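**Student:** Just dropping this structure here.
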Amino acid sequence: MFGLSKSKGNYAYTVTRAKAKKSLLIKEDDYNKMLQLSVSEVARFVSEEGYSKEITDLSDRMVGVDLVERATYAYMANNFKALLKGSQGELHTMLAAYLQKWDNWNLKVILRGKSYGVSADDIRDDLVPAGNLSYEDLDKLIALDTTEEILAAYSKAESVDIPSELIADYKATGTLGRIEDYVDKFHYIRMVKIIPTNSIPARMFSDYIRKEIDVRNLETILKLKMENIDEEKVMEYIIPGGKQIDAKLAKQLIDAKTVEETFPDLAQLDFYDYIKELVDSGKMNISDLVLVTKKYEANEAKKFSQQYPLS
């Protein structure tokens, strides 16, 4: 599915399209304005800012926050799809591999919806078809009767080999967590492998992804440590390929007896400045950690887009 291409791709064309689409996004100053508006006024504002098609398409069955949220997701998905469709070669491979995370998102939505008896229409409303699978592909997954059938079809479509023991574990426990963790981990492992390093933009993209892996791993380690999960069990969830949190540092963090004992090792990380306040407070919790790491990732994405406009 993500075979390497001999062609570097149509960077100039895709960058131009990405810049044009980026210029249409809601500006930072506009968010301050929206804080003063009611939810219905926000929906109208968003519609006037270029999201009118998505607002119109969804307004017959959604209102308020749901309408704004789903419309912005739909707008994002449409733009990602357009960029992916117009890209070629190595560039297309990298974009497809990165956007596959939305296929994972949709798989989780479908599996969870099915397990809780949610209607097909309600499941569709929560999908974000911004990846490689189309609405039609996702509809076919929704139409399947069992989790096993859904996983088999997804595995074939995405070239993902979900271990049989994970499926057996789901049958025994009814819990999807291990399967969800596996597809996320597989996504990053494959992405690191397929991103070429024979060009400057590809190497920059690889570094960006590896930093993202560092963030995911730190969140995982601290979350599971707060839950007193056994050290060996934590290692199963670590994603290889991080830029700074390699296997050695991951083990050091995992082997720490308490969350507080990890703090000295965290000081060497690029994003330490973002988590320093939490560290200094001595009151680290996972929700606050995720908030500050999201801020770090947003700033990294912004910096990356300035260095390399395709992002």
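Offset between the sequence shown (1-based) and this note's numbering: plus 61.
Think of the CB as a built atom: it goes at the ideal place given N, C-alpha and C, for glycine as much as any other residue.
Only a predicted model underlies this, so the values are computations on that prediction, with no experimental measurement involved.
1) Is it true that the stretch 352 to 363 meets the stretch 332 to 341, where meeting means three or more beta-carbon pairs spaced less than 8 Å apart?
2) Can Gly-302 and Ile-256 be called in contact, C-beta distance under 8 Å?
3) So, using beta-carbon positions, are Val-100 and Ala-132 closer together than 8 Å?
4) Between which residues of its own chain and Ser-372 is the CB-CB distance below 7 Å, once the five residues before and five after are set aside?
5) For Lys-232 versus Ala-191, is the C-beta distance shorter than 8 Å?
6) Can you list, in chain order, the residues of its chain with a C-beta nearer than 8 Å to that of Leu-128? Leave out the 5 residues immediately preceding and following it.
7) Write down the C-beta distance between Leu-188 and Asn-167 rounded to the nearest angstrom, noting that I regard them as a contact closer than 8 Å.
8) Assign Gly-70 to buried or exposed, taking buried as 16 or more other Cβ atoms, counted over all protein chains shown, within 10 Å of its Cβ.
9) Taking 7 Å as the limit between beta carbons, can you name the residues of its chain near Lys-304, skipping five residues before and five after?
10) Would you say the stretch 340 to 350 touches the stretch 277 to 287, given that touching needs at least three Cβ pairs under 8 Å?
11) Would you mind giving the Cβ-Cβ distance between Ser-260 and Gly-150, rounded to the nearest angstrom? I have them listed as a contact below 8 Å.
12) Return the CA-CA distance between Thr-234 and Leu-227, expressed in angstroms with no decimal places.
13) Can you tell me whether DSSP reads Glu-288 as helix, strand or coil?
14) So which of Glu-322, Ile-223 and Thr-258 has the shortest CA-CA distance to Tyr-243?
15) Any Cβ of chain D within less than 8 Å of the Cβ of Glu-288?
16) Which residues in the same chain as Ala-81 place their Cβ atom closer than 7 Å to its Cβ, once the five residues preceding and following it in sequence are excluded?
17) On the DSSP letters alone, give me the boundaries of the alpha helix (DSSP H) that Lys-94 sits inside.
18) Under the rule that 16 or more other beta-carbon atoms within 10 Å means buried, what is Gln-97, buried or exposed?
19) Reducing DSSP to helix, strand and coil, say where Gln-367 ends up.
20) Pick out whichever of Met-345, Arg-264 and Val-340 has its Cα sitting closest to the Cα of Glu-288.
21) If I measure Cβ to Cβ from Asp-316 and keep anything under 7 Å in the same chain, skipping five residues before and after, which residues do I get?
22) Does the distance from the C-beta atom of His-248 to that of Lys-162 stay below 8 Å?
23) Under the assumption that Ala-181 contacts Ile-211 (Cβ atoms under 8 Å), give the Cβ distance between them as a whole number of angstroms.
24) Expressed to the nearest angstrom, what Euclidean distance is found between the alpha-carbon atoms of Tyr-112 and Asn-360?
25) Just to confirm before moving on: does the CB-CB distance between Ala-214 and Leu-205 stay below 8 Å?
26) Among the residues of its own chain, which have a CB less than 6 Å from the CB of Ile-299, if the five just before and after it don't count?
27) Between the Cα of Ile-306 and those of Leu-330, Phe-324 and Leu-283, spot the shortest distance and give me the residue it belongs to.
28) If you follow the alpha helix (DSSP H) that Arg-453 is in, where does it begin and where does it stop?
**Tutor:** Concretely, from the data shown:
1) yes
2) no
3) no
4) Since pLDDT at Ser-372 reaches only 46, below the 50 mark, its modelled position is unreliable, and no value is offered.
5) no
6) Ala-104, Ile-116, Leu-119 and Ser-120
7) 5 Å
8) buried
9) Asp-268, Arg-271, Lys-272 and Asp-275
10) yes
11) So it is not a contact: roughly 11 Å between Cβ atoms.
12) 10 Å
13) coil
14) Ile-223
15) Reference to chain D is not applicable here, since this structure consists of a single protein chain.
16) none
17) 89 to 95
18) exposed
19) helix
20) Met-345
21) Glu-292
22) yes
23) That pair is no contact at about 13 Å.
24) 24 Å
25) yes
26) Asn-278 and Ala-311
27) Leu-330
28) Here the chain has residues from 62 to 372 only, and residue 453 is not among them.
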